[in-house]
Amino acid sequence: DLHRRRHSFPTRRSSDLNFEGKVRFKITTGKTAQDLDYSIKDGLARVDLQTKDAAAAVIINPARQEVTILMTEQKMFMVQPIAAKAAAAKDADASDVSFEKTAVTAKILGYDCTKYVAKTKDSTSEIWATDELGAFMGMGPGMAGGGMAEMFGGGRKASSAGPQPWEAALAGKDFFPLRIVSQTAKNKETMRMEATAVEKKSLPASDFAPPADWQKFDMGAMMRGMMPGGR
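Be aware that the sequence shown starts at 50, since it is given in the working numbering, and climbs by one per residue.
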């Protein structure tokens, strides 16, 4: 059985609260490598993933407990709450994760990082995190609906994909990961996510809202229209 360990976390300095900019990650799963941009501004985050087939993006608003999913090709967007059900699932996942701070440190792109280890009975993730870039706001549940589910779920179907051990372990902590390496219980690497660039810069507020001329997608209205007698 796994036991939850007591641990201390870095104290975020006041200057970290004001970090604004973009972190680029290279994500490798098997023989596939892709770039992901993680933008941060005023307590909001935006995740952009470009694949060979399509572009995907979500905007994460922790204060409102919602994510906005941007459907670039259709010029549409959809707003979803970070539902209580999803939060409960994340809490359940987190309860099965042991999370340990180690004494190992390293410089990554000029930032001081500490190594943490998140474990479940099936996997181990090494997380190298810094307290100089504010809090990590997650990837957004909206991203789990497509290729991101396979990327972060080690090939699992989207319907079964939930927060990964490292993501559940980081939830609500005052630090930001710059390198994550996940392995199976048999030490087979399943995912590597490593920052390749950190750029502090002013970002336009428009990056964190859907374009004004995009149409809002209403799943409920669409389903009602498909029902007999619906309009």
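All C-beta atoms, glycine included, are put in the ideal place defined by N, C-alpha and C.
Option in the options with minimal Cα separation from residue i
| i | options | result |
| --- | --- | --- |
| Ala261 | Phe126, Leu85, Glu248 and Phe225 | Phe126 |
| Thr121 | Gln114, Ala218, Asn110 and Thr100 | Thr100 |
| Glu149 | Lys124, Ile131, Lys156 and Ile176 | Ile176 |
| Ile229 | Ala220, Trp215 and Lys222 | Trp215 |
| Phe224 | Thr81, Lys164, Lys250 and Trp263 | Lys164 |
| Val153 | Lys168, Phe68 and Ala178 | Ala178 |
| Ala220 | Pro130, Pro111 and Thr245 | Pro111 |
| Tyr87 | Leu227, Thr239 and Ser147 | Leu227 |
| Val146 | Gln129, Ile109 and Thr169 | Thr169 |
| Ala167 | Trp263, Thr151 and Ile157 | Thr151 |
| Ile76 | Ala244, Phe68, Pro253 and Asp256 | Ala244 |
| Met188 | Leu98, Gly79 and Thr239 | Leu98 |
| Lys222 | Ile157, Leu182, Ala104 and Asn236 | Leu182 |
| Gln78 | Phe257, Thr239 and Ala246 | Correcting the residue type first, residue 78 is Thr in the shown sequence and not Gln. Closest option to Thr78, Cα to Cα, is Thr239. |
| Val247 | Ala104, Asp91 and Ile157 | Ile157 |
| Val72 | Trp263, Lys249 and Phe257 | Lys249 |
Cβ-heavy atom distance, residue i to the ligand HEM, below 7 Å
| i | result |
| --- | --- |
| Ile109 | In terms of ligand content, the structure shown is empty, and the ligand HEM therefore cannot be addressed. |
Counted within 10 angstroms of its Cβ, other Cβ atoms place residue i as buried (16 or more) or exposed
| i | result |
| --- | --- |
| Ser172 | buried |
| Asp267 | exposed |
| Asp161 | exposed |
| Ala106 | buried |
| Phe185 | buried |
| Val96 | buried |
| Pro259 | buried |
| Gly159 | exposed |
| Ala26 | Coverage of the chain is limited to positions 50 through 280, which leaves residue 26 absent and any answer about it impossible. |
| Ala218 | buried |
| Arg54 | Model confidence at Arg54 stands at a pLDDT of 41, short of 50, so the residue's coordinates are unreliable; what they give is reported in the following sentence. Exposed, since its Cβ has fewer than 16 Cβ neighbours within 10 Å. |
| Lys265 | exposed |
| Pro234 | The sequence shown places Ala at residue 234, not Pro. Ala234 should be labelled exposed. |
| Asp180 | buried |
| Ala82 | exposed |
| Ser231 | buried |
| Ser251 | exposed |
| Ser255 | exposed |
| Lys134 | Its pLDDT being 44, under 50, Lys134 is placed unreliably by the model, and nothing is read from it. |
| Asn67 | exposed |
| Ala94 | buried |
Host beta strand (DSSP E) of residue i (start-end)
| i | result |
| --- | --- |
| Gln114 | Where Gln114 is concerned, there is no enclosing beta strand (DSSP E), given that its DSSP letter is neither H nor E. |
| Gly70 | Gly70 to Thr78 |
| Ile131 | Counting along the chain, Ile131 falls outside any beta strand (DSSP E), and DSSP gives it neither H nor E. |
| Leu177 | Rather than Leu, the amino acid found at residue 177 in this sequence is Trp. Looking at the DSSP string, the run of the beta strand (DSSP E) that includes Trp177 is Ser172 to Thr179. |
| Pro226 | Phe225 to Thr233 |
| Glu238 | Glu238 to Lys249 |
| Lys150 | Ser147 to Ile157 |
| Gln83 | Thr81 to Lys90 |
| Lys222 | Unbroken run through Lys222: none, as it is neither H nor E. |
| Gln164 | Gln is not the amino acid found at residue 164; the sequence shown has Lys there. That run of the beta strand (DSSP E) goes Tyr160 to Lys168. |
| Glu182 | Here residue 182 turns out to be Leu, not Glu, going by the sequence shown. Per DSSP, Leu182 belongs to no beta strand (DSSP E) and is neither H nor E. |
| Arg94 | This sequence places Ala at residue 94; Arg is not what is there. Looking at the DSSP string, the run of the beta strand (DSSP E) that includes Ala94 is Leu93 to Gln99. |
Residue-level contact to chain D via CB, residue i, 8 Å cutoff
| i | result |
| --- | --- |
| Lys156 | The structure shown contains no chain D; it holds only a single protein chain. |
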